[in-house]
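Worksheet: one structure, shown below.
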Amino acid sequence: MSYKTNHKRTSATITATFLTILIMYPFLQEKVQALSSTTFVVDNNAIYHDTAFLSGGVLLLAIHTQPIVVHAGNFFRIQAMVLNNSPGTISFTAGPCDSTVSAIFNKNVVVKHEVSCFAGAASTSAATHLVKLRPGEKVSIIGTPIGTTYQAVASGPTIASVTFHYQLGTGTNASIIKSFEFNILHS
Numbered sequence: 103m104s105y106k107t108n109h110k111r112t113s114a115t116i117t118a119t120f121l122t123i124l125i126m127y128p129f130l131q132e133k134v135q136a137l138s139s140t141t142f143v144v145d146n147n148a149i150y151h152d153t154a155f156l157s158g159g160v161l162l163l164a165i166h167t168q169p170i171v172v173h174a175g176n177f178f179r180i181q182a183m184v185l186n187n188s189p190g191t192i193s194f195t196a197g198p199c200d201s202t203v204s205a206i207f208n209k210n211v212v213v214k215h216e217v218s219c220f221a222g223a224a225s226t227s228a229a230t231h232l233v234k235l236r237p238g239e240k241v242s243i244i245g246t247p248i249g250t251t252y253q254a255v256a257s258g259p260t261i262a263s264v265t266f267h268y269q270l271g272t273g274t275n276a277s278i279i280k281s282f283e284f285n286i287l288h289s
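Under this note's numbering, the letters of the sequence shown match residues 103 to 289, in that order.
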């Protein structure tokens, strides 16, 4: 093969690769943005997406599974950091019978709702307490409530939509939904 022919093939390959990247770039960006989407719901009447509400909202940060490495067959929970980025205090209940964190999964996970806390446990001060976060404060949260389990049933990439429920200082119920992707490994 001559130098000229080899040079033409190399140039054609580089050009084709460059054009493919240019064409695919917007689609790759959409996938990255979709995997880190955040939705805010206030009083179930209004939905704010992404940065429309970030300047005065509550943020879910560092979302991950607990344990961090999940194998098919494992039970796991969801852990996140809640940052109160709003101008007012927010509150939520925390305890073994009440979790303000829940998740739905696109595949590979079974959510089971079984026997929950016995009657009256949630009303005792030892079982539940009110957490208040002032502006700028953050706290680590973990969910699910007693009686709900998340079990990995197959390996592969999985997207979880995590919901955190809380109350604004006015007493209005609000929630934030954030999606994240994690990988379930073979057992």
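The beta-carbon is built from N, C-alpha and C at its ideal position, and this holds for glycine as well. Just so you know, these numbers come straight off a predicted model, no measurement behind them.
Where residue i falls, given that 16 or more other Cβ within 10 Å makes a residue buried
i	result
Lys-106	exposed
Val-204	The residue you asked about is not Val; residue 204 is Ser in the sequence shown. So Ser-204 ends up on the buried side.
Phe-194	buried
Phe-282	buried
Leu-163	exposed
Leu-137	Note that Leu-137 scores 39 on pLDDT, short of 50, meaning its location in the model is unreliable and no value can be drawn from it.
Val-184	buried
Val-172	buried
Cross-strand partners of residue i (DSSP beta bridge)
i	result
His-166	Gln-181
Asn-285	Pro-259
Leu-235	Ile-192
Leu-161	Leu-185
Val-203	Phe-266
Gly-245	Ile-180
Lys-110	Answer is none; Lys-110 lacks a bridge partner.
Check whether residue i and residue j have beta carbons under 9 angstroms apart
i	j	result
Asn-210	Ala-182	no
His-288	Ser-263	no
Pro-247	Phe-284	no
Ile-191	Gly-271	Correcting the residue type first, residue 191 is Thr in the shown sequence and not Ile. Their beta carbons are under 9 angstroms apart, which means Thr-191 touches Gly-271 by this criterion.
Residue nearest to residue i in terms of C-alpha spacing, selected from the options
i	options	result
Tyr-252	Val-213, Ser-104 and His-267	Val-213
Thr-202	Leu-232, His-166 and Gly-273	Leu-232
Ile-278	Arg-111, Asn-176, Ser-104 and Val-160	Val-160
Gly-197	Phe-177, Asn-176 and Ile-243	Ile-243
Lys-280	Glu-216, Ile-286 and Thr-265	Thr-265
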